[in-house]
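In what follows, a single structure is set out as structure tokens and then discussed.
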Amino acid sequence: MAIYCWGNTTHGELGLGGIEDEQILTPRKMDWSPPNSCIIQVSCGSWHTLFLTSDGKVFSCGSNDNGQLGHELQTKRPRMSPFKLIAELDTYEIMRISCGARHSIALNEWGQLFSWGHNDYGQLGLSNDKDFVSVPKIIRNLLAKNVIQISCGSNHSVALTNCGELYSWGSNIYGQLGIANGIEIVHSSIPLPITSLQGIPIAYVACGGNHSFVISKSGAVFGWGRNNAGQLGLNDYNNRYYPTQLKTLRSLGVRYIACGEEFSAFLTNDGGVFTCGSGRYGQLGHGGNANEVLPRMVMELMGSTITQIACGNRHTLALVPSRGRVYGFGLGCSGQLGTRATNNSAIPQVVLGPWVSPSGSALIQTELAEKSESCFLIKQIFSGGDHSLVTCTYYADKIPATDCRLYDARTQILHLTQEAAEQCSQVHCDSNIDMDLLSAVELIFKSQACINGSFLLSDDQHFCCTSKHHGVDLNAAAKAFNYLRNVENDGLKSLIWEKITNELLPSLNSSPADVETLRIYLVLPLYHEFVNSKNYERLHTPFSTAITRLTEIPRKIVAKWWSQTSSEWFEQLVSNFKNVVAYIISFKVSQNTGQGEKTLITYNRHLMAALKLLVFLHRINNTERKTKLHYELFHWPELTDFVDIQQEYLHWLFDKTSDSFHICNYSFLFNAAAKTVLLQTDQIIQMRHAMQSATNSNFFNLVTFGAFASQFIVLNVTRENLVQDTLREIMQYNQNDLKKPLKIKFCGEEGEDAGGVRKEFFMLLSKDLIDPKYGMFKEFEDSRVVWFADVSFETENMYFLIGIICGLAIYNFTIINLPFPLALYKKLLEEPVDLTDLYELSPTLANSMQQILDYNDDDFEETFDLHFEIIRDIYGESNCQPLKPNGDEIAVTKENRQEFVDLYVDFIFNKAVESQFKAFQKGFMKVFAFHTYDTHFTRLNY
7 MAIYCWGNTT HGELGLGGIE DEQILTPRKM DWSPPNSCII QVSCGSWHTL FLTSDGKVFS
67 CGSNDNGQLG HELQTKRPRM SPFKLIAELD TYEIMRISCG ARHSIALNEW GQLFSWGHND
127 YGQLGLSNDK DFVSVPKIIR NLLAKNVIQI SCGSNHSVAL TNCGELYSWG SNIYGQLGIA
187 NGIEIVHSSI PLPITSLQGI PIAYVACGGN HSFVISKSGA VFGWGRNNAG QLGLNDYNNR
247 YYPTQLKTLR SLGVRYIACG EEFSAFLTND GGVFTCGSGR YGQLGHGGNA NEVLPRMVME
307 LMGSTITQIA CGNRHTLALV PSRGRVYGFG LGCSGQLGTR ATNNSAIPQV VLGPWVSPSG
367 SALIQTELAE KSESCFLIKQ IFSGGDHSLV TCTYYADKIP ATDCRLYDAR TQILHLTQEA
427 AEQCSQVHCD SNIDMDLLSA VELIFKSQAC INGSFLLSDD QHFCCTSKHH GVDLNAAAKA
487 FNYLRNVEND GLKSLIWEKI TNELLPSLNS SPADVETLRI YLVLPLYHEF VNSKNYERLH
547 TPFSTAITRL TEIPRKIVAK WWSQTSSEWF EQLVSNFKNV VAYIISFKVS QNTGQGEKTL
607 ITYNRHLMAA LKLLVFLHRI NNTERKTKLH YELFHWPELT DFVDIQQEYL HWLFDKTSDS
667 FHICNYSFLF NAAAKTVLLQ TDQIIQMRHA MQSATNSNFF NLVTFGAFAS QFIVLNVTRE
727 NLVQDTLREI MQYNQNDLKK PLKIKFCGEE GEDAGGVRKE FFMLLSKDLI DPKYGMFKEF
787 EDSRVVWFAD VSFETENMYF LIGIICGLAI YNFTIINLPF PLALYKKLLE EPVDLTDLYE
847 LSPTLANSMQ QILDYNDDDF EETFDLHFEI IRDIYGESNC QPLKPNGDEI AVTKENRQEF
907 VDLYVDFIFN KAVESQFKAF QKGFMKVFAF HTYDTHFTRL NY
């Protein structure tokens, strides 16, 4: 291995020893190399440099004015100082190092941090007020944590733990700690948690001069701190005291960030580089010196796949490994661009180094370049202050350059995997548990971030997490939780349970930091203990409460995601919470009543929580899911065994307080039998009220000699002209009369109507109403379901009267067979209809629409040859009806096919029969008011 360096060496920061040069203008090979190891990381401060070896040792060189080299050697003539091993770290295996302007931090294999150097702002995190510390000291406030990443700004530091917690300390003058503004907290000498990012699975941490960034697992970028030059990329110059998302970068898949003093550089998943902030010295690479307040792509690097970027105070380096070239731009006064000149450059310039490309071609022909076995390939680039370094490997070894877009697993937070879950299931009930496994389980199941970072789709398909794309592999998650279901060891089972119920659920926030934090609501319901209704107090209620407490936007996102889940996943969630309702009512609410005695349901906090979640699920199922669960899956058939439905309904009907608890508010629980009881109870009340009004009117008429009012509606009809007679008779009654009980009198026939005549009347009438000779309804052959005829010679008044007749049938507890689809009742309740309703009306037509949506070949237009129009058969003649203005001229394509299907369905159910349905609805509502009933309640095959 070889190390090349260039740039400022005034303070000995290049490690070149006692030389007279103060600037190295082109890469120069170091004579030094660590004994029996190689360099795996270099970190640069303003005037000092740290080197980390493969065996975990740390060496330092440069200025030691503030003790930043980690030893107590004198600071005079620093350029004469050789590389020095930091002895105080020699007993540890150091994994990562980071330099601030004048302080240093090292991370060992146990996740412990050691800091040394300048401490005027508490940037060492040692909870003391010493100006500087010359030898490494352990940061005791983080001893209980396992740190996996560390990054230093000029005078502050940020650390990430393996359970996703983020801590910061040091100067907060510009809000760079992300915890408060610089007035409330000027600086902190102890690590403080950045709670506003709780739950986000963080993948990378970076610090600039006085600003900070994190990248989430799915590429969301958050920045905070100083923004005087736009270095946060937030389209303004205002400092940020709390993490703020860079929304313009969300869809780009940012994987790595490097920061200078007042600028920032972002490396994307496809190898593009974006920069923002101060451009005074050209460090943004855009060809000018203007500042950029939004991340802007470095166009000069387009066409090249960049895998590494590094920033000094005011310059930037970028590596193109396929060409074996390093590009530099920005300040060049100390030779830090490696171009033989001390000029600034606003566009990327090739660093004139002696290394070669993977193909063996060299930019600079040297004696070494002619001997391929002695040539070097770039391994990694580093920069800081006004100096730069490159580590190289021998060409013959064919070791590829480090790719900053790929994360080292040791630097990533814990996450649950199928393998870990399977390992848990293989621990026998009486076996000792591996401590590493035990520690991982403990941390994962108490951490939102760990759960949210688990089971992400492979091949970066989880990137750009949005309301339409959650990025979670629910199949993989289900397999993992199936392993956890089979865990035999009581210690493991108890640990998982305690961490979820005591720490994870209470940590859920009503206003989460980002959409990625909501993934927990997809993964956690797979936990098998949700099946056990007895866990409702510690599991179901907190989970339901967390959902209902979410603010509007995150709650809508959860609803959207749940609407996209499989029927199996969604049905299981409905079943779990329906069973909780059943358990609480059966064993808790009803336990105070006598055996076999029904009860009235009173308020119960846990019952209310479960019901609220079921309301949420029911709404999602009705309005958002494409594959809807059958409404009967929400029913609890045994409800009537424990609850006095009639009394519950009466209490609900006459209770005028808006916040009272009534089980009747949750009618989706009621099956057909329970809803029939409600329906009959409501109609009996209305009938008695109408009859009492007639009695009162008659009593008044005895005094005033007014006309006698009947307590019944009596329809005198003939069998020969049943439809016409019925319509004529109904016209004689007003809306109040229609609330009275109905009696039928067939002319010329003896007998009083005690219900049997009425039933026969409706049965005969229903046959006549759908008779083709009237042409008011059309029967679909593939479903035997009837719908309004879109073309009819009958007047709207006829549909109005038929609506009244249908309402009277339901109102008078009479079942007749008019095979309308569910869409009729949805429309009566002013609910939207969609493609699923078309399946019931015409499966053949619905399948055709689905084929249009599912077809993905490139010959879509040639295959279907459709336009935005519908062809109708009107009395044997074809008629084309545009679905939108000029629809006959607009071709249906892959891009607009969803719109076509939506308009097609809308035409069939709405536009084509608008006048007919409105007349029917008006008549129906004259008899039957939907003040208590949902769609499935009103769907009775009358």
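In terms of the numbering used here, the sequence shown has 407 at position 401, counting the first letter as 1, and numbering is strictly consecutive. Built from N, CA and C at the ideal position, the CB exists for glycine as well.
Ranked by Cα distance from R544, the options Q570, N508, P531 and Y672 are led by N508. With contacts defined by Cβ atoms closer than 8 Å, G291 and F219 do not form a contacting pair. Boundaries of the alpha helix (DSSP H) around D731: L728 to I736. By the 16-neighbour rule on beta-carbons within 10 angstroms, R261 is buried. G341 has its alpha-carbon roughly 5 Å from the corresponding atom of T348. For C339, same chain residues with a beta-carbon under 7 Å away, outside a window of 5 residues either side, are T348 in chain order. Closest in C-alpha terms to M931, from the list Y817, N902, R903 and I896, comes Y817. L273 and T311 have their alpha carbons spaced roughly 10 Å apart. If you compare the alpha carbons of D126, S224 and I103 with that of G117, the shortest gap goes to I103. Residue state for V649 is assigned as strand, using DSSP reduced to three classes. Uninterrupted beta strand (DSSP E) stretches at least 3 residues long and entirely within the region 54 to 136 occur at 54 to 59, 64 to 68, 100 to 105, 109 to 114 and 119 to 124, given in chain order. According to DSSP, W175 shares a beta bridge with S163. By the criterion of a C-beta distance shorter than 8 Å, F783 is surrounded in its chain by L775, I776, V792, W793, F794 and A795, once the five residues flanking it on both sides are discounted.
Per DSSP, K745 lies in no beta strand (DSSP E) segment and is marked neither H nor E. By the neighbour-count definition (other C-beta atoms within 10 Å, threshold 16), R555 is an exposed residue. Non-local C-beta neighbours of W567 in its own chain, meaning closer than 8 Å and more than five positions away in sequence, comprise S473, H476, L524, Y527 and L528, ordered along the chain.
The C-beta of D465 has fewer than 16 other C-beta atoms within 10 Å across all chains shown, which makes the residue exposed. DSSP links H534 through a beta bridge to no other residue. Taking the Cα of G176 as reference, the smallest distance to any Cα among T682, S195 and F826 is reached at S195. Around the beta carbon of D436, fewer than 16 other beta carbons sit within 10 angstroms, so the residue counts as exposed. The DSSP-derived three-state label of W642 is coil. Per DSSP, P364 has no beta bridge partner at all. Residue burial is scored here from C-beta neighbours: D392 has at least 16 other C-beta atoms within 10 angstroms and is therefore classed as buried. In the three-state scheme derived from DSSP, where H, G and I count as helix and E and B as strand, A264 is classed as strand.
Leaving aside the five residues that flank L132 on each side, the residues in its chain whose CB is nearer than 6 Å to its CB run, in chain order, K143. In the displayed model, I384 falls within a strand according to three-state DSSP. Short of 8 Å from the beta carbon of C410, and not among the five residues preceding or following it, lie these beta carbons of its own chain, in chain order: R261, Y262, L273, T313, Q314 and I315. Under the DSSP definition of a beta bridge, C317 partners with T322.
T547: member of the alpha helix (DSSP H) spanning T547 to R555, first to last residue. A distance below 8 Å separates the beta carbons of G239 and L252. Looking at the DSSP output, Q47 sits in a beta bridge with L58. Nearest to V493 by C-alpha distance, out of S431, K485 and P512, is S431.
Going by C-alpha positions, I9 is about 44 Å away from F451.
In this structure, DSSP gives D688 a helical state, which the three-state scheme calls helix. Here DSSP, grouped into helix, strand and coil, assigns Y527 to helix. Given a length threshold of 3 residues, each whole run of the beta strand (DSSP E) inside the region 752 to 836 is given here in chain order: 783 to 786 and 791 to 794.
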